[in-house]
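Below you'll find the structure, written out as structure tokens, and then a few comments.
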Amino acid sequence: MASDVERLARAAAFAAEKHTGQLRKGEAGEPYVNHVIEVAEMLARACGGRDIELVIGGLLHDTIEDTGATHAEVAAIFGPGVADLVAEVTDDKSLPKAERKRLQALHAPHKSPRAKQLKLADKTSNLRALASSPPAEWPLSRQLEYVAWARSVAAGLRGANAWLEEQFDQAATAAEQAIAGRR
Ligand code: ZN
19 MASDVERLAR
29 AAAFAAEKHT
39 GQLRKGEAGE
49 PYVNHVIEVA
59 EMLARACGGR
69 DIELVIGGLL
79 HDTIEDTGAT
89 HAEVAAIFGP
99 GVADLVAEVT
109 DDKSLPKAER
119 KRLQALHAPH
129 KSPRAKQLKL
139 ADKTSNLRAL
149 ASSPPAEWPL
159 SRQLEYVAWA
169 RSVAAGLRGA
179 NAWLEEQFDQ
189 AATAAEQAIA
199 GRR
């Protein structure tokens, strides 16, 4: 059995490899892997470094949804606990985007405590990106809609980690202020 440090390093390498060539949506065009590292770092702080599967899940959370990775592949390398966590935060891409967004808000309250924390960190990272580097083709109305939707999802994620809730609230307010400043 690999040590926690080995598994964590392997997850960072796996995420970097799987997200090769992918960029974030913002005009800054950051590598996509920056996002999953930011999420993992937030989760590491949120759990005081005590929940390795949560942090590894943070690194891998978009690999099934956005790269060719499968549940079986993640389970074989990182174990079923990590694979199930990643699956829990993975949207069903066979559904239209609007329906996936509606289901995220609907399902949020029923997620496991780990998945709630991961989703909060994910939304926080996306709001920070919207504040600092919005997608060039998004009009202000779409930017505001995104913040409102993220708030509606986060409302269902409360109770799992107070520190992450604070990070989310700050990021949502900062995003709204940044968008207001673009008018
Ligand atoms: Zn993500």
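Mapping of the sequence shown onto our numbering: residues 19 to 201, in sequence order.
The C-beta atom is built at its ideal place from N, Cα and C for all residues, glycine as well.
Note that the structure is predicted; figures quoted are calculated from it, not measured.
Contacts around residue i, its chain only, beta-carbon distance under 6 angstroms, and the 5 residues preceding and following it disregarded
i      : result
Gly86  : none
Gly99  : Glu71
Cys65  : Leu72
Ala196 : Ala149
Val57  : Gly76, Ala139, Asp140 and Ser143
Arg118 : Asp109
Ser170 : Ala123
Endpoints, alpha helix (DSSP H) assigned at residue i
i      : result
Asp187 : Ala180 to Ala198
Pro127 : First-last for Pro127: undefined, no H or E at that position.
Val73  : Ile70 to Leu78
Val23  : Asp22 to Lys36
Asp110 : Run containing Asp110: none; DSSP gives neither H nor E here.
Leu158 : Leu158 to Ala173
Ala154 : Note, Ala154: premise wrong, no alpha helix (DSSP H); not H, not E.
Glu91  : His89 to Phe96
Glu48  : Where Glu48 is concerned, there is no enclosing alpha helix (DSSP H), given that its DSSP letter is neither H nor E.
Thr85  : Run containing Thr85: none; DSSP gives neither H nor E here.
beta-carbon residue i near ligand 1 non-hydrogen atom, thresh 6 angstroms
i      : result
Asp84  : no
Asp110 : no
Asp69  : no
Asp140 : yes
Asp80  : yes
Neighbourhood of residue i by C-beta, 8 angstroms cutoff - its chain only, sequence neighbours within 5 removed
i      : result
Arg201 : Leu158
Arg25  : Ile70, Ile74 and Phe96
Arg63  : Trp181
Ala192 : Leu145, Arg146 and Ala149
Tyr50  : His37, Gln40, Leu41, Arg42, Asp80 and Asp84
Ser130 : Leu103 and Glu106
Glu45  : Ser151, Pro152, Pro153 and Ala154
Val165 : Leu145, Leu148, Ala190, Ala193, Glu194 and Ile197
Cβ neighbours of residue i in the same chain (closer than 7 angstroms, five flanking residues each side left out)
i     : result
Gly47 : Leu41
**Item:** Stretch-stretch touch, CB-based, cutoff 8 angstroms, three pairs: the stretch 170 to 177 with the stretch 124 to 132
**Value:** Flag = yes, the stretch 170 to 177 and the stretch 124 to 132 touch.
**Message:** Whether or not the stretch 36 to 44 and the stretch 104 to 111 are in contact is what I'm after, with contact meaning three or more pairs of Cβ atoms, one per stretch, closer than 8 angstroms; do they touch?
**Reply:** They do not touch, by the three-pair rule.
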